[in-house]
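Notes for the one structure printed next.
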Amino acid sequence: MPALMEAWNADVAAQPQWVQVWMNVMVAVLALGGLAFSFVRVEARWVLASFVAGAAGLFFIYSQMGYVRLLGLGHVLFWTPALVYLLRRRDTWRVRETWSGKWIAIAAAVMTISLAFDYADVIRWGLGERG
97 MPALMEAWNA DVAAQPQWVQ VWMNVMVAVL ALGGLAFSFV RVEARWVLAS
147 FVAGAAGLFF IYSQMGYVRL LGLGHVLFWT PALVYLLRRR DTWRVRETWS
197 GKWIAIAAAV MTISLAFDYA DVIRWGLGER G
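My numbering puts the first residue of the sequence shown at 97, with every later residue one more than the last.
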């Protein structure tokens, strides 16, 4: 596992700066925020669980294929149902009244943006673009 993480870190470091920043934003919002709010919001538990499952899927694909466009499949498979769940519950977010509601709105936005990239990457991989 240490060798896999070392290779992952090297591949991430080779990405454009904006990609590295975006990955840090996703971790901060979804993992750390999900953990912080998981004690008070079921939505946070969904986000956190989907983040962990998506990361596991991503690292499994990475261990088999390296840094390829198909990595987004981990997010597509696990984040899509979580995002649908969040959006179906948007009338309970209470964005103006609670910090957790504000976080849910931000988490949904982060997931939506990431999934746009992930779906595009998975489709491009399926069409033969293996890089």
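We treat Cβ as the ideally placed atom computed from N, Cα and C, and that holds for glycine.
| Item | Value |
| --- | --- |
| Nonlocal neighbours in the same chain, by C-beta distance under 7 angstroms from L45, ignoring five residues either side | Residue 45 lies beyond the range of the chain shown here (97 to 227); nothing can be said about it. |
| Integer Cβ distance of R141 from I200, believed to fall under 8 angstroms | Not really, about 12 angstroms apart at Cβ, beyond 8 angstroms. |
| Touch test, the stretch 169–181 against the stretch 104–116, Cβ-Cβ under 8 angstroms, three pairs minimum | no |
| First and last residue of the uninterrupted alpha helix (DSSP H) at Y181 | L169 to R184 |
| Three-state secondary structure assigned by DSSP to E225 | coil |
| Other residues of its chain near M101: CB distance less than 7 angstroms, five sequence neighbours each side excluded | none |
| Test item: CB-CB of V218 and L169 under 8 angstroms | yes |
| G153 versus G224: straight-line alpha-carbon distance, rounded | 21 angstroms |
| Cutoff 7 angstroms; reference E139; Cβ partners in own chain excluding five residues on either side | L182, R185 and I200 |
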